[in-house]
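Chains as they are written, first to last, in our numbering: chain A, 64 to 284; chain B, 64 to 284; chain C, 64 to 284.
Don't be surprised by glycine CBs; every beta carbon is placed ideally from N, CA and C.
A short worksheet on the structure shown next.
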Amino acid sequence: MHPDVLATTLENVFNLIGIFVFAISGALLAVHKNYDIVGMAVLAEITATGGGILRDLVLGAVPPAAFTDHVSFLIPLGATALTFFAHPQLNRIQSAVLVFDAAGLAVFCVEGTAKALAYGIGPIEAIALGAMTAVGGGIMRDVLANDRPAVLRADSELYAVPAVLGAAVIVVAHALAPGLNPPLIASLAALFVFALRMAALRYGWRAPRPWGAGAKSANRQ
Amino acid sequence: MHPDVLATTLENVFNLIGIFVFAISGALLAVHKNYDIVGMAVLAEITATGGGILRDLVLGAVPPAAFTDHVSFLIPLGATALTFFAHPQLNRIQSAVLVFDAAGLAVFCVEGTAKALAYGIGPIEAIALGAMTAVGGGIMRDVLANDRPAVLRADSELYAVPAVLGAAVIVVAHALAPGLNPPLIASLAALFVFALRMAALRYGWRAPRPWGAGAKSANRQ
Amino acid sequence: MHPDVLATTLENVFNLIGIFVFAISGALLAVHKNYDIVGMAVLAEITATGGGILRDLVLGAVPPAAFTDHVSFLIPLGATALTFFAHPQLNRIQSAVLVFDAAGLAVFCVEGTAKALAYGIGPIEAIALGAMTAVGGGIMRDVLANDRPAVLRADSELYAVPAVLGAAVIVVAHALAPGLNPPLIASLAALFVFALRMAALRYGWRAPRPWGAGAKSANRQ
Numbered sequence: 064m065h066p067d068v069l070a071t072t073l074e075n076v077f078n079l080i081g082i083f084v085f086a087i088s089g090a091l092l093a094v095h096k097n098y099d100i101v102g103m104a105v106l107a108e109i110t111a112t113g114g115g116i117l118r119d120l121v122l123g124a125v126p127p128a129a130f131t132d133h134v135s136f137l138i139p140l141g142a143t144a145l146t147f148f149a150h151p152q153l154n155r156i157q158s159a160v161l162v163f164d165a166a167g168l169a170v171f172c173v174e175g176t177a178k179a180l181a182y183g184i185g186p187i188e189a190i191a192l193g194a195m196t197a198v199g200g201g202i203m204r205d206v207l208a209n210d211r212p213a214v215l216r217a218d219s220e221l222y223a224v225p226a227v228l229g230a231a232v233i234v235v236a237h238a239l240a241p242g243l244n245p246p247l248i249a250s251l252a253a254l255f256v257f258a259l260r261m262a263a264l265r266y267g268w269r270a271p272r273p274w275g276a277g278a279k280s281a282n283r284q
Numbered sequence: 064m065h066p067d068v069l070a071t072t073l074e075n076v077f078n079l080i081g082i083f084v085f086a087i088s089g090a091l092l093a094v095h096k097n098y099d100i101v102g103m104a105v106l107a108e109i110t111a112t113g114g115g116i117l118r119d120l121v122l123g124a125v126p127p128a129a130f131t132d133h134v135s136f137l138i139p140l141g142a143t144a145l146t147f148f149a150h151p152q153l154n155r156i157q158s159a160v161l162v163f164d165a166a167g168l169a170v171f172c173v174e175g176t177a178k179a180l181a182y183g184i185g186p187i188e189a190i191a192l193g194a195m196t197a198v199g200g201g202i203m204r205d206v207l208a209n210d211r212p213a214v215l216r217a218d219s220e221l222y223a224v225p226a227v228l229g230a231a232v233i234v235v236a237h238a239l240a241p242g243l244n245p246p247l248i249a250s251l252a253a254l255f256v257f258a259l260r261m262a263a264l265r266y267g268w269r270a271p272r273p274w275g276a277g278a279k280s281a282n283r284q
Numbered sequence: 064m065h066p067d068v069l070a071t072t073l074e075n076v077f078n079l080i081g082i083f084v085f086a087i088s089g090a091l092l093a094v095h096k097n098y099d100i101v102g103m104a105v106l107a108e109i110t111a112t113g114g115g116i117l118r119d120l121v122l123g124a125v126p127p128a129a130f131t132d133h134v135s136f137l138i139p140l141g142a143t144a145l146t147f148f149a150h151p152q153l154n155r156i157q158s159a160v161l162v163f164d165a166a167g168l169a170v171f172c173v174e175g176t177a178k179a180l181a182y183g184i185g186p187i188e189a190i191a192l193g194a195m196t197a198v199g200g201g202i203m204r205d206v207l208a209n210d211r212p213a214v215l216r217a218d219s220e221l222y223a224v225p226a227v228l229g230a231a232v233i234v235v236a237h238a239l240a241p242g243l244n245p246p247l248i249a250s251l252a253a254l255f256v257f258a259l260r261m262a263a264l265r266y267g268w269r270a271p272r273p274w275g276a277g278a279k280s281a282n283r284q
C-alpha cells in the first residue's frame, strides 16, 4: 500500500474509533445521570458529532458531515446499545477508554484544523476550530448533563491544551511548507496530541489556574 | 374542501397550537425559576422555535423559518403575555396543556421529517432531524433553566420515542411509496404520535433504562 | 474629520471596548467557577463573540464575522491573559467594568440590528436578532458556567430591555426614514441603550416579574 493511502486509512480507522469512544463517554455519563435510553442516545450522538457539527455550521459546510456520512451517525447508536447492556463493564475499564478517547481527541483536532484551513479560515481561527472539533462535543455532553464542563475545570488533566497545540502544528506546517506531505504532517500532529494527553493523564499535568488561585479547593463551586 | 387542502389547513392549525403550547411550557418554567418577563419571553421563544431553528441551520435553510414566518415568532410573545397574568390558572390545567403539547409534538416531528427529506437528507438522519425538531426546543428550554432536560430523564413518560417512531413512519412511507398522498401519511403519522404520547401519559409508559439500573432511585443525580 | 467617519470610528472603538469587557466578564466568571486558563479563554471568547456568531449563523453570514475579523477573535485572548494575572484587581473595579459593559451592550445591539436589517430580516425579528447579539454571549457564558443566566433572572437590573428598545429605535428609524443618516441614528440609539442601562443600575430598575410573584424571594430556585 502507498504510504499516503495507509495514512488515510489509519486516519479513518482512528476517526471511527474516536467517534465510538466519544459516544461511549456520552452514554456512560447518561447512565450516571439516571437518564433513559433516549438520554443515552442523545448524549452519545452529541458527544461524538457535536464538535464537528458546530465546526461545519461555522464553515457553512451544510448539511454537516455527521448528517451525510451515515457511519458517523450510526456508530453512536451502536455505542448506546453496547453501553445499555455493558455499562458496569465499561465503567471498570475506564483507563482503557481514556486511551481510546485520547486517540479520538488527536484525530478530531487534526481533521477539524485541516478542514478549517481547506475552507480558507485564518490561522488562529483554524486552531480554534480544530480544538473545538475535538472538545466541543464533550462540552455539549456536560451541558446536557447539567454539569460544569470537565474540559474547563481546573481539576482535570490537560485535554484542550494538547488539541490546541496539535492544531497549531498543522497550521504552522501548512503556512511554512504548503507542499509538504499532508498525511505525514497529520499523523505526526495526531501522534503528538495523543502522547501529550497520555503523559498528562500519567503525570497529572494540569493547565495553569488563575494567578493566586492555587490554594483554593479545586471542587469549589 | 378538497381533502388535501383540509389536511394542510389542519396541519397549519395544529402547528400554531403546537407553537403556542410549547411557548406556554417555556414561560411557565420561567415563572417557576423566578425569571422576569425577559426570561419568560426567551424561554417561550426558544421552546417553541428552537428545535426548528436548529433543524434549519443543519439543513442550510437560512434564515430559519422562525425568522421569516412572522406568525411563529409572534405567537410565543402572545403566550408570554398570557402566562404573565394567568400562570396560576395555567398551572392548574396542566393536564389540558399536556394534551395540546402532545399535538405539538406530533405536528413538529412530522413537519421536521418531511422538511429534512425534501432537502435530500438520508433516512436515518431525517428521523433524527424530525425528532430533534419536536424535542430540541424543550431541551434548550431546560438547559436555559439550568435543569437536567426532562426528555432525557428516566423518570419522565415517553416523549422522544413517539417522535422518533412517527418520523420513521414518514421516512418508510416516503421510501416505499413516494407517490402516496403526503398529507394523508402526515396526518396518520401525527395521529399515531399523539395517541402514543397520550397512552404513555395515561399508563405511565417510560423508555427503557440501562440494563441493571432498574432498582436505583429515579431521582438520583 | 467628517461626522460620519467620526461616528464610524467611534463605533469601532466602542465595539472593541465591548468585546474586551464582555471577554473580561467571561474570564472573571471562569475564575469564580474554579476553571483553569482553558476555561477562562473559552468563556471569554464565547461571551464576547457568541451572540454575534449565533446572529451570523441565523443570517447565513458564514463564516461568522468573529472567524474572519482577526481582531475580535484575538481581543478575548488578551482579556484572558489580563484576567489571569489581575483578577483580584478587576473584581475590585466591578463598577467600572459595568460601565464599559453597558457600552458594549449598546454597540452590540445597534450593530446586530443594523446587520439583520441589511440581510432583509423583518422588523420584529431584526429587533430580536439585535438584542440576541447583545445578550446571547452572556447567556452562553452562564450556561457554560452551569448558572441560571443572569439576564433571565428577576433579581438582576434591566439588561435585555435596553437592548430591545435600542434595537427598536433602529428598526423604526429604518422604516420611517430609510434615507436618514445611519451613523447618527446608530449613535443616538446606542447612547439611549447606554443611558437606560446605567440608570437601571443606578436606581435598581428591574423588568416586571410575573403577575402575583412579587412577594416571593428573588433567589428561590
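Terminal residues of the continuous alpha helix (DSSP H) containing residue i?
i: A/T176; result: Q157 to A181
i: C/I184; result: Element bounds for C/I184: n/a, residue is neither H nor E.
i: B/F130; result: A128 to T131
i: A/A208; result: Premise fails: A/A208 is in no alpha helix (DSSP H) and is neither H nor E.
i: C/G242; result: Segment: none, C/G242 is in no alpha helix (DSSP H) and carries neither H nor E.
i: C/A104; result: I100 to L122
Please list, in chain order, all residues of the same chain as residue i whose beta carbon is under 6 angstroms from its beta carbon, the five residues on each side excluded.
i: A/T176; result: A189, G193, A230 and I233
i: B/N78; result: V170
i: B/M203; result: I109 and G113
i: C/A208; result: L92 and K96
i: B/K279; result: The predicted position of B/K279 is uncertain, since its pLDDT is 48 and thus under 50; no value can be drawn from it.
Using DSSP bridges, identify the partner residues of residue i.
i: B/E220; result: B/R269
Are the beta-carbon atoms of residue i and residue j separated by less than 8 angstroms?
i: C/R260; j: C/P225; result: yes
i: A/I116; j: A/I82; result: no
i: A/V198; j: A/Y222; result: yes
i: A/V121; j: C/F130; result: yes
i: A/I87; j: A/L168; result: no
i: C/V84; j: C/D164; result: yes
i: A/L215; j: C/V101; result: yes
i: C/V227; j: A/P273; result: no
i: A/P212; j: C/D99; result: no
i: C/P126; j: A/I184; result: yes
i: A/P186; j: A/A238; result: yes
i: B/V206; j: C/V206; result: yes
i: B/D119; j: B/A128; result: yes
i: C/A159; j: C/E220; result: no
i: B/P151; j: C/G201; result: no
By Cβ distance, which residues of its chain are closer than 7 angstroms to residue i, with the 5 residues on each side in sequence left out?
i: C/A90; result: M103, L106, A107, A142, T143 and T146
i: C/I248; result: I233 and A236
i: B/F257; result: A165, A166 and A169
i: A/I80; result: F163, A166 and G167
Can you list, in chain order, the residues of its chain with a C-beta nearer than 8 angstroms to that of residue i? Leave out the 5 residues immediately preceding and following it.
i: B/N282; result: Here B/N282 scores only 44 on pLDDT, less than 50, and its place in the model should not be relied on; the value that follows carries that caveat. Only D218 meet the Cβ criterion.
i: B/L73; result: S250
i: B/N75; result: none
* Looking at chain A, which residues of the segment 198 to 216 of chain B have a Cβ within less than 9 angstroms of any of its Cβ atoms? -> V198, I202, D205, V206, N209, D210, R211, P212, V214, L215 and R216
* Return the residues of the segment 172 to 198 of chain B that lie within a Cβ-Cβ distance of less than 8 angstroms from chain C, sorted by chain order. => none
* Members of the segment 90 to 109 of chain C near chain A, C-beta cut-off 8 angstroms -> A93, V94, K96, N97, Y98, D99, I100, V101, G102, M103, V105, L106 and E108
* To do: Determine which residues of the segment 244 to 278 of chain A have a Cβ less than 9 angstroms from any Cβ of chain C, and write them out in chain order.
  => R269, A270, P271, R272, P273, W274, G275 and A276
* Output, in sequence order along the chain, the residues in the segment 127 to 161 of chain B whose CB is closer than 9 angstroms to any CB in chain C. => P127, A129, F130, T131, H133, F136, L137, L140, T146, F147, F148, A149, H150 and P151
* Between the segment 215 to 236 of chain B and chain A, which residues of the former have CB atoms less than 9 angstroms from a CB of the latter, in chain order? -> L215, R216, A217, D218, S219, L221, Y222, A223, V224 and V227
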